[in-house]
Structure formats: C-alpha cells, structure tokens
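Take this note's numbering: the last position of the sequence shown gets the number 437, and nothing is skipped along the way.
Report on the following structure.
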Amino acid sequence: MKLLQIKMYKRINYIAAIIVLVCGLSAQAQVTTSSPYSRYGLGNIKGSLLPQFRAMGGISTAVSKVTGFNNINMQNPASYAGISLTTIDIGMSASVTNLTRNNLSESSFNSTFSHLAFAAPVNRRSALSFGILPYSDLGYNYRNTVKVDTTTLNQLYEGEGGLSKAYLGYGYRFGDHLRIGGNLEYIFGNLQTSRATEFNSVGSYNAKLQTKNSVAGLSYSYGIQYDFTLGKKTIVTLGYSGSTSGKVNSTLTSYATLYTRDQDGNESTAADTLNTVNKGKSNLTLPLTHNFGIAIQQNDKWLIGADFRMGKWSKTSINDVNQGLQDSWGASLGGQWTPDAFSYNSYMKRIDYRIGFNYDKTYIKIGNQDIKQMGASLGFGFPLPTANGGTAFYKINFTTELGQRGTLNNNLVKEQYINFHLGFTLNDTWFRKYRVD
C-alpha cells in the first residue's frame, strides 16, 4: 500500500502560515525606497528575480537548473519544468542610496521582506510554483524652488507605497530539450502621491493635490526554453519570456485642499477642500515585455549567460491617461562558478561564486535626457549541511549590487546605490509517495 508521509500535512500548514505572514506584510503601505525617479510611471520596477539571479547581473531567461540545485526562476516559468525537488525560497533586501544634485547630497537606508516562493514537481515532466514578491516600489520626498515674477514658490512632491505580485505558475517539459510554462499573476497595492505649491510667507494659503490609486487585477506571463547539448557535459540553452499588455482594475481617490503653515513650519488642518474624487473606478495599463536569453553551462561546474529585454512602456496609462513614458531596453551579462559541488574536504570549493553586469535605458525621459541605469553585482551561494538522511539540501544566497541611475546634467539627480539581497533556499523530497511493506 502506498501512503503519503504524515509530516506532509505539518509542512503544508507551515507553508500556509508563512504565506499569510508575508501577504500581510506586503499589504501594508511602507516606504521601501528613497528615489526621486520612483515618481514616474509605476515607481521603481523590481523584476521577478531572486538573489541568486541578481548576483549574475539579472540573467534568467535561459537559466534553469544550475549545478544540480533547484532554484525558482519565475522570470521564465518554462524553467519550472526542470524542478525535481520541493523548493522553498524566502528572503529580504536592503539598500543604501545616495542622491547628488548641485553639489548637495543625501543618503538613506531602507529594508524590507523581498520574496516568498514555493515550487514542487507534479510528475517527472512538470512542476508548479506559487509565491509573492514586489512588482514596484514608490518612495520620494523632495522640493523645487521656482520664481514667478517677484514671488518665490516651493513645489513639494511626495510619494509612497508600491505594487506587489502574487503568482501561480506551471511548467512542462516535452522530450529532453523543450520546456514551456506560464504564470497567472495578481498585481495589487497602493500608489500614493501628493503635489503641493507653497508661498514663503507665513499664513498664505497653499494648495495640495493628493492621490491614492489602489490597484488589483490579473496579468499573465509566459516562457519557453530549449537545450542543445555540446559533448557530454556542456549544454547551451536558448530562452524567451514575456508578459501580456492588458488593463488591471484600480480605484482612484483624490482631493485638492487649501492649507497654511505657522511660523514653525507646521502644516495646519485643511482650510478648504476644493475638489474630491472618492473611489472613482479607474484602470492601469501594463506594458508588453519581451526577454531573450542564452546560457552555456557545464553541469555541476559553471554557467555563463546573457539577457536582452524590452518593454513597451510608451503605451502605459492610468485611467486612460498616457503617462508620458518611453520604451525601455536593457542587457545583462553574468555567470556562476562552483569549483567542486561535491567536495568532502573543502567547503570553499562547494560555494557558488557569482558575478554580473547590467545596463538599462529606463522608461524615464526628462526633457531630452534619457535616464539610464547601470550596475555590477557579486554574490555567493553558501551550502548548509544536509538533513533528513541526505534528502534535504539548504543554501544561503547573498548578493551585493553596486550601481547608479540618472545624471547630473540638466540639473538632474544622480542616484548611487548599494543593494543587499539575502535568500534562504530549501530543496527537499516533500510530497513524495513511500511504499510501506
């Protein structure tokens, strides 16, 4: 007679408890970035990448299983078909950002939970995955001073919040070389912004427009991977992934108010409400995206790869109003090397060493100036002792990203950052049937 392990039910409860916790944390509005460039579009787009892929510059489109270890690559759901063990990945991220403009600089620190992902094989040819991770984040607070005739005005801009993505995906392998897959994605969260114009004189009436856009709707992504063998151990993988362009529902709340400030600079209670739009039905148009990748790997030893990506952000609109963004494109190059994944006498040889580089022309263009982003990354995969009689494998993935965005030209802001990503990955033989004599 065949029986499922009794422990399986305890493990299911454990996974459910973690998902409820992370969903609750993700639903809370919090400032997870300090970037004036997050004011544009949907904020800073995070990408569906776990720390082990960020360490390689973000290559993922043609990456499946590396050195025999199962990783969840939701950037290309075709990769799920290569998952042979139950896999859980949970992590957090932190960033140190320095903003420079006109010889002035300001630094900030932010941290947050970054992801929770789960995957399990359905049979020898397919696997499913689900999880939650950030889609974008919003966080800025800055002012401009302008002069109109003889009057000096302060323009204040603030924003916070962001969007999260919960997904359910499935991948299937045809034969020994072809894999396809898809994700059903639920995009949700709040984008809260405000703009104010203030006079320098005490007691003057100032105007503020505050907007909250609550987003909740479905999106889809898909992917394909194909392997070519070179010799006995070398594999070349070609990959493609993309997401559909479609509208998701949102609820728009906005109101304009008049207020004053006292001698200490404290804002008074609104003196008057000029206009209110309360829970107006709206929509958000997501962009059509394309990702192309190639990876070459020698089993249990090394992998190198490159990605190229494009996004049709010029079609993005909120409440049918085009957001004035431009189409984006970017490229990544990176790899991983493991000296000896099965070494018994040297821990250093079993560590995964990762490095990568990335360059992006973002969807932001201010005046005639494209806002570009570039960076380099370094990461490690630290294996932990096996458990459950050698059937459970654990790994800690740590990544550091160093980069910059923007420019000092045309009185703009240069943003320099150091990002830290930490993830814990489990591979185990859960949900497997056992034969009892």
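Cβ coordinates follow ideal geometry from the N, Cα and C atoms, glycine included.
None of these values were measured; they are calculated from a predicted model.
- Excluding its 5 nearest sequence neighbours in each direction, P36 has C-beta neighbours in its own chain below 6 Å: Y140, Y142, V413, listed in chain order.
- In terms of Cβ geometry, I224 and I180 form a close pair [threshold 8 Å].
- If you check the CB distance, T86 and T425 do not come in under 8 Å.
- Rounded to whole angstroms, the gap between the alpha carbons of S114 and M92 is 4 Å.
- If you keep only unbroken beta strand (DSSP E) runs of at least 3 residues inside the region 345–423, you get 352–366, 369–387, 392–406.
- For the set K372, S38, A392, N411, the Cα lying nearest the Cα of G403 is the one of K372.
- Boundaries of the alpha helix (DSSP H) around P51: 51–54.
- Y259 is the residue among Y259, T151, L184 whose C-alpha sits nearest the C-alpha of Q210.
- In the same chain as T97, and ignoring 5 residues on each side of it, the C-beta atoms closer than 6 Å to its own belong to S34, S108, Y417, in chain order.
- Runs of the alpha helix (DSSP H) lying entirely within the region 32–87, each at least 4 residues long, are 51–54 in chain order.
- Ranked by how close their Cα comes to the Cα of R350, the residues P339, F357, G356, N358 have P339 in first place.
- Bridge pairing for P134: S164 [DSSP].
- Taking a C-beta distance under 8 Å as the contact criterion, P51 and G423 qualify as a contact pair.
- Just so you know, the alpha carbons of K233 and A341 end up roughly 15 Å apart.
- Judged by DSSP in its simplified three-state form, S268 adopts coil rather than helix or strand.
- A straight line joining the alpha-carbon of N44 with that of N345 spans about 44 Å.
- One thing to note: G356 has its Cβ within 8 Å of the Cβ of L333.
- Annotated three-state conformation of W430 is coil, per DSSP.
- Bridge partners of Y186 according to DSSP: A166, L218.
- Burial is judged here by how many other beta carbons sit within 10 angstroms of a residue's own beta carbon; K147 has fewer than 16 and is exposed.
- Shown here, K315 sits in a helix according to DSSP, grouped into three states.
- DSSP places F342 outside any beta strand (DSSP E), giving it a letter other than H or E.
- Per the C-alpha coordinates, the member of G311, L284, A166 positioned closest to A117 is A166.
- In this structure, the straight-line span from the alpha carbon of A94 to that of D149 is close to 44 Å.
- Within the model, the alpha-carbon separation for A196 versus N319 is close to 22 Å.
- A distance below 7 Å between beta-carbons, with the five flanking residues on each side excluded, links W337 to the following residues of its chain, in chain order: W302, Y353.
- Per DSSP, the unbroken beta strand (DSSP E) holding K247 starts and ends at 247–259.
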